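To convert, take the position in the sequence shown, counting from 1, and add 823; that gives the numbering used here.
Glycine residues also receive a C-beta, built at the ideal position from the N, C-alpha and C atoms.
Note that the structure is a prediction, hence the values are computed from the model and not measured.
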Amino acid sequence: MAHGLLKGKRGIITGALNEQSIAWKVAELAHAEGASIVLTNAPVAMRMGEINKLADAVKAPVIGADATKDEDLDKLFQESMEKLGGKVDFLLHSIGMSPNVRKGKAYDDLNYEWYKQTLDISAMSFHRMLQSAKRTDALAEGGSVVALSYIAAQRVFPGYGDMADAKALLESIGRSWGYYLGMEKKVRVNTISQSPTMTTAGAGIKGFGGFYGFAQEMSPLGNAPAEDCAKYCITLFSDFTKYVTMQNLFHDGGFSTTGVTPGMMAKATGEE
Ligand SMILES: NC(=O)c1ccc[n+]([C@@H]2O[C@H](COP(=O)([O-])OP(=O)(O)OC[C@H]3O[C@@H](n4cnc5c(N)ncnc54)[C@H](O)[C@@H]3O)[C@@H](O)[C@H]2O)c1
């Protein structure tokens, strides 16, 4: 049931690659809640064509932009304002990729050129995006920005590799921009630290099934599905969270503050 939470709002949603993508679910729900949106992804990802299905369903134009290129981002914001008929009320950064993780390079054996790409694509792109939004004066007063993170920013999860460093940087960038954009335009900036979720980016992580199962066992509410992450994003884009900013918000079924669970104890002691 829709509530009109985003009625009259304009937004940009990055990162919808396929139906599993968290951004895909956010786009569907933003549309259902009354927003007008622009979809964007890297040109190489758009060639796969899936995004057009979503664009039809949510009546959104698609503008290609590599999030590591300033000129692409400037064009994205300028064209989005034209197509949406005004400044942008909300923005979702849902972008992550590590060549090291993808190619199985462990944290103690990183390729540094790939490490730079990991940080550029998965974290610095968030800074670039907000700097471009400022340069093009694209954000509306009182707007809301959300980026998606993971708890490996705070705790070690072997297998998540250099993405852990990217997420730590992403969260810090969110806090810093939250200050600047808050002072300037009352725009709030938050990161959501989401449970492991079965998506293309998730499945690319070595041992993802283990991560997923462990978090499931260690979360009183269980792992949060992508659809529920989308719901949380919508609340942050809505006017019901106008004073929430510069936070890293866990959306993880309680995983981040659970010490141990009976199920995990039973597994550890072999008494299942
Ligand atoms: N899946 C999980 O377990 C999980 C958990 C916590 C956080 N996250 C985060 O959620 C976000 C979305 O990931 P997802 O799980 O939906 O997977 P996904 O693979 O569907 O989305 C990742 C997106 O990043 C895009 N991308 C990569 N390089 C880009 C570039 N240069 N420019 C623009 N876009 C680019 C991809 O095309 C893709 O659409 C990521 O930041 C990810 O780290 C995922």
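Query - Whole beta strand (DSSP E) elements within the region 908-942, 3-residue minimum - result: 911-916
Query - Separation of Ile918 from Asp889, as counted between CA atoms - result: Translated into positions along the sequence shown, residue 889 becomes position 66. Translated into positions along the sequence shown, residue 918 becomes position 95. Each residue's alpha carbon lies about 10 Å from the other.
Query raised in the report: So does Pro1019 have its beta carbon nearer than 7 Å to some heavy atom of ligand 1?
Result: Taking the first residue of the sequence shown as 1, we reach residue 1019 at position 196. Yes, since a heavy atom of ligand 1 falls inside the 7 Å radius drawn around the Cβ of Pro1019.
Requested in this report: Using the Cα positions of Ser1098 and Phe949, report the straight-line distance between them to the nearest angstrom.
Outcome: Here the chain has residues from 824 to 1095 only, and residue 1098 is not among them.
Query raised in the report: The beta strand (DSSP E) with Gly1135 in it runs from where to where?
Result: For the chain, the structure presents residues 824 to 1095; residue 1135 sits outside this window and is missing.
Report task. Please look up how many angstroms separate the CB atoms of Ala946 and Leu992, rounded, as I've assumed it's under 8 Å. Result -> As a position in the sequence shown, residue 946 is number 123, starting the count at 1. As a position in the sequence shown, residue 992 is number 169, starting the count at 1. A Cβ-Cβ separation of about 4 Å places Ala946 in contact with Leu992 under the 8 Å criterion.
Query raised in the report: So Lys830 and Gly872 are in contact, right, with Cβ under 8 Å, and what is the actual spacing, rounded?
Result: Within the sequence shown, numbered from 1, the residue matching residue 830 stands at position 7. Within the sequence shown, numbered from 1, the residue matching residue 872 stands at position 49. So it is not a contact: roughly 31 Å between Cβ atoms.
Query raised in the report: Hey, is the region 926-935 in contact with the region 872-884, meaning 3+ C-beta pairs nearer than 8 Å?
Result: no
Query raised in the report: Between which two residues does the beta strand (DSSP E) containing Ser859 stretch?
Result: Counted from its first residue, the sequence shown places residue 859 at position 36. Element bounds for Ser859: Ser859 to Thr863.
Query raised in the report: If you measure from the CB of Gly1025, is any heavy atom of ligand 1 nearer than 7 Å?
Result: Taking the first residue of the sequence shown as 1, we reach residue 1025 at position 202. Yes, ligand 1 has a heavy atom inside 7 Å of this Cβ.
Query - Integer-rounded CB distance, given that Thr1020 should sit under 8 Å from Cys1052 - result: Numbered from its first residue, the sequence shown carries residue 1052 at position 229. Numbered from its first residue, the sequence shown carries residue 1020 at position 197. Sure, about 7 Å apart at Cβ, within 8 Å.
Requested in this report: Tell me the start and end of each unbroken beta strand (DSSP E) in the region 1044-1087 that is at least 3 residues and wholly inside, in chain order.
Outcome: 1071-1074
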